[in-house]
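Its first residue numbered -2, the sequence shown is counted upward by one per residue in the numbering used here. First the structure, in the form of structure tokens, and then the observations on it.
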Amino acid sequence: MNMVVHEPTIKKTTNPSANQIAKELGIGPNTVGRWVNEYRKEHNLPSYREERRIRKVSVEELAAKNRELEKLLKKREKELADEKETVEILKKSLHIFMRPHD
């Protein structure tokens, strides 16, 4: 039995497809795809489909979400400031009512 050793010539700087890699290695593209999927799972990376979906999020959508979050943050900061003011007023009134009366 003769063993055939394939020497891949794909450069690391390129981004070859599964078909290109499979052809270079003399194996089926499904095998390469399975290896990629297994690698992604083992390293908690998004699947190819999830990665494509993530890339589709536009800059405009992100900017709109950012504006929405900034508005919410300002609202919460104002609520917090109002609560702090209420606490200070209650502290002062407590001191007034705790004074001994003549």
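Just so you know, even glycine gets a beta-carbon here, dropped at the ideal spot from N, CA and C. Bear in mind that the values here come from a model prediction, so they are computed numbers and not experimental data.
In the structure shown, residue 40 falls within a coil segment according to DSSP collapsed to helix, strand and coil. Taking C-beta separations shorter than 6 Å and ignoring five residues to either side along the sequence, the partners of residue 15 in its chain run 26, 29 and 30, following chain order.
Rounded to the nearest whole angstrom, the C-alpha separation of residue 34 and residue 66 is 35 Å. Following the DSSP letters along the chain, one finds residue 18 inside the alpha helix (DSSP H) bounded by residues 15 to 22.
Rounded to the nearest angstrom, the gap between the Cα atoms of residue 38 and residue 55 is 26 Å.
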